[in-house]
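One line per chain: the protein sequences are Y and V, in this order.
When the letters of the first sequence are read in order and numbered with my numbering, they come out as residues 973 to 1207.
When the letters of the second sequence are read in order and numbered with my numbering, they come out as residues 5 to 240.
Cβ coordinates follow ideal geometry from the N, Cα and C atoms, glycine included.
Structure first, commentary second.
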Amino acid sequence: MSGPYSYSLTTFAPSGKLIQLEHALKAVQAGATALAVRAKSGVVLATEKKLPALAIPASYQKISVITDHIGVVYAGMGPDSRVLVKRGRKIAQQYKRTYGEDIPVKMLVRELASVMQEFTQSGGVRPFGVALLVAGVDADGEPALYQVDPSGSYWAWKASAIGKGMLNAQAFLEKRFKANDELEDAINMAILTLQETFEGAMTEDNIEIGIVSDVDQKFRVLTPAEIKDYLDEIA
Amino acid sequence: MDRNITIFSSEGRLLQIQYAFQAVKEPGVTSLGVCGDGAAALVTQKKVEDKLIDASTITHMFRITKSIGAVVTGSLPDGRAQAQRLRYEASEFRHKHGYEVPVSYLSRRLGDINQVYTQHAASRVSGCVVMVCAVDNVDGAQLFKIDPAGSCLGWSAASAGSKDSEADNVLEKRLKKKKPVGERETAQFAISALQSVLGADFKASEVEVAVATAGVFRTLSEEEIDAHLTDIAEQD
């Protein structure tokens, strides 16, 4: 509790809504598009990363590794997402230390969602201005994809998009998604979906892609060279 | 309320952060940072309003460790607090881990610290932008900019303050032509760019310059700045 601010800043309106959460969602919707596609054998995370011309793309990663087998991408306020990434990493390590096993994706998601919910109810803090897409492959080989909202609600997806271009991206994905696609097909689908809402030319420096496959259960962010190969193939 | 503390406005924005960015421009000073090959330079205007002030006691440049330095733009008291925090974090890192903190880690740490102020009502957001630079033996010359929102990005050149957009244009154009190599070229690139942005030539007492080279960050003396200014004038 932050001293004199030991009261919640997020309170109910007469309609029963939590207005701060509606506003937080607007912050998410103003963010660059991020999307995810679950394949039979893994999950793909993809996002726009448009930086000013003088900025160095390699200095900033939107897609983060939480543990070996789980990654996350956000839409909304970057600095807020870093708090959740750090917490997620700690939570995963504590689980491993307690149980000797890698944390299952849905348990990590549950914990992260719980953190986000706390910030909607605790004193002196505002909700997070991000939505997260969490992707991973559990030890049993099942790929998992979850979305977490500023309210702390979470649910699993086969494919999803958040941020500015989410409506177009989701419409595109709904038409094209096939449940038993291979990971490679899912990567191509993710890139095509990003292109739907992308303004300007897409290059290996202004998008980011992360993948996790059930072959090695290792989540990793693709290098710009690898992204370029995919872009050249699609062109 | 959404104006006074960092809660969301109806458009999903944080007005306090927006206002903080205004506070950075308020003193009417522009600073910039440039990464060259093997060197990085920071430059800022030196405006001392009152002639009775001892100008030698006013500085916006801070040495954080032997090799890492920073310039703050905006509120100087806030900037000093940030510089002290950077020094503390660097010192803790060195003590805990046994080696010098990497500049990228230190910069991101300040970004994360600034983010906390944007989410907790008990403190206000910082009123300054900090540009941190160093040259290390892993990644060479690096420049990071940390703002009141908590963002931290690496830049090949960056600016802060009242004329930051003009400065970005000048920097982008000039860097496209040629990337400076070494301390002398990088320092002169930065000084010359700032002169161009402000549309006027400096006297050495009106500007502060600092450079980072392999393992060393130092602020230049007035004589050294004068020498650079003369060089630049002769080249034109």
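Sub-9 angstroms separation of residue i and residue j beta-carbons
i, j, result
"Y/I1134", "Y/A1103", "yes"
"Y/A996", "Y/S1123", "yes"
"V/L202", "V/T34", "yes"
"V/G37", "V/A161", "yes"
"V/A171", "V/G73", "no"
"V/R91", "V/L114", "no"
"Y/P1051", "V/G154", "yes"
"V/S79", "V/A27", "yes"
"Y/E1168", "Y/F1144", "yes"
"V/D116", "Y/R1054", "yes"
"Y/V1009", "Y/A1131", "yes"
"V/F2", "V/A45", "Examination of residue 2 of chain V is not possible in this model, given that chain V is present from 5 through 240 alone."
"Y/T1005", "Y/M1138", "yes"
"Y/L1194", "Y/M1174", "no"
"V/V215", "V/A87", "no"
"V/E15", "Y/K1136", "no"
"Y/M1088", "Y/V1120", "yes"
"Y/I1179", "Y/E1020", "yes"
"Y/G1182", "Y/G1101", "no"
"Y/Y1126", "Y/R1082", "yes"
"V/P81", "V/Y121", "no"
"V/A126", "Y/Y977", "yes"
Residue i - containing alpha helix (DSSP H), residue span
i, result
"V/G115", "V107 to Q123"
"V/R7", "Segment: none, V/R7 is in no alpha helix (DSSP H) and carries neither H nor E."
"Y/K1200", "P1196 to I1206"
"Y/P1115", "No alpha helix (DSSP H) contains Y/P1115, which is instead part of the beta strand (DSSP E) from P1115 to V1120."
"Y/Y1067", "G1050 to Y1071"
"V/S160", "Here V/S160 belongs to no alpha helix (DSSP H), and DSSP marks it neither H nor E."
"V/I229", "E226 to Q239"
"V/A171", "D168 to K181"
"Y/E1083", "V1077 to Q1093"
"V/R128", "Counting along the chain, V/R128 falls outside any alpha helix (DSSP H), and DSSP gives it neither H nor E."
"V/G83", "L80 to H101"
"Y/G1124", "Element bounds for Y/G1124: n/a, residue is neither H nor E."
Cross-chain neighbours of residue i in chain Y, by beta carbon under 9 angstroms
i, result
"V/S14", "I991, E994, H995 and K998"
"V/G165", "Chain Y residues near V/G165: none, gap ~15 angstroms exceeds 9 angstroms."
"V/D172", "P1024, A1025 and L1026"
Contacts that residue i makes with chain Y (C-beta to C-beta distance below 8 angstroms)
i, result
"V/S155", "G1050 and P1051"
"V/I62", "Ordered by position in chain Y, no residue passes the 8 angstroms Cβ test against V/I62, which lies about 29 angstroms from the chain."
Host beta strand (DSSP E) of residue i (start-end)
i, result
"Y/A1143", "Here Y/A1143 belongs to no beta strand (DSSP E); instead the alpha helix (DSSP H) covers M1138 to R1148."
"V/T217", "V211 to T217"
"V/S35", "T34 to C39"
"V/D140", "C132 to D140"
"Y/A1008", "A1006 to R1010"
"V/Q49", "A44 to Q49"
"Y/V1102", "V1102 to V1109"
Chain-ordered neighbours of residue i on chain V, where CB pairs are closer than 7 angstroms
i, result
"Y/G1096", "H124, A125 and A126"
"Y/V1055", "Q119"
"Y/A1002", "G16"
"Y/Y977", "A125 and A126"
Residue i burial status per 10 Å Cβ neighbour count (16 or more: buried)
i, result
"Y/D1201", "exposed"
"V/N118", "buried"
"V/S196", "buried"
"Y/T1165", "buried"
"V/L56", "exposed"
"V/V133", "buried"
"Y/F984", "exposed"
"Y/I1199", "buried"
"V/T48", "buried"
"V/K50", "buried"
"V/S60", "exposed"
"Y/P1024", "exposed"
"V/H101", "exposed"
7 angstroms Cβ cut-off: residues of chain Y touching residue i
i, result
"V/S160", "L1026 and I1028"
"V/T223", "Under the 7 angstroms cutoff, chain Y gives no residues; its nearest Cβ is about 24 angstroms from V/T223."
"V/A176", "This sequence places Glu at residue 176 of chain V; Ala is not what is there. Going along chain Y in sequence order, the residues near V/E176 (Cβ under 7 angstroms) are A1025 and L1026."
"V/I11", "L981, Q992 and R1098"
"V/G115", "P1051"
Per-residue contacts from residue i into chain V (C-beta, under 9 angstroms)
i, result
"Y/L1104", "None at all; the shortest Cβ gap to chain V is about 16 angstroms."
"Y/S987", "The contacting residues do not exist; Y/S987 stays about 15 angstroms from chain V at best."
Contact set between residue i and chain V, taken where Cβ atoms lie within less than 8 angstroms
i, result
"Y/S1013", "Simply none; closest approach about 34 angstroms."
"Y/Y1046", "In chain order: nothing, as chain V lies at least about 13 angstroms away."
"Y/S1123", "None at all; the shortest Cβ gap to chain V is about 13 angstroms."
Three or more beta-carbon pairs under 8 angstroms between the segment 143-153 of chain V and the segment 1011-1022 of chain Y, yes or no?
As far as the Cβ criterion goes, the segment 143-153 of chain V does not touch the segment 1011-1022 of chain Y, which means the pair count is below three.
ask   = Any contact of the segment 64-75 of chain V with the segment 100-114 of chain V, i.e. 3+ C-beta pairs under 8 angstroms?
value = These segments touch.
Can we say the segment 1184-1192 of chain Y touches the segment 1108-1115 of chain Y, given the rule of at least three CB pairs closer than 8 angstroms?
Contact check between the segment 1184-1192 of chain Y and the segment 1108-1115 of chain Y: three or more CB pairs, one atom from each, fall below 8 angstroms, which counts as touching.
> Counting pairs of Cβ atoms below 8 angstroms between the segment 126-140 of chain V and the segment 39-49 of chain V, do you hit three or more?
Replying inline: Yes, the segment 126-140 of chain V touches the segment 39-49 of chain V.
Quiz item: Hey, is the segment 1061-1070 of chain Y in contact with the segment 1032-1041 of chain Y, meaning 3+ C-beta pairs nearer than 8 angstroms?
Solution: These segments touch.
Anything in the segment 1056-1085 of chain Y with a Cβ closer than 9 angstroms to a Cβ of chain C? List those residues in chain order, please. Among the protein chains in the structure shown, which are Y and V, there is no chain C.
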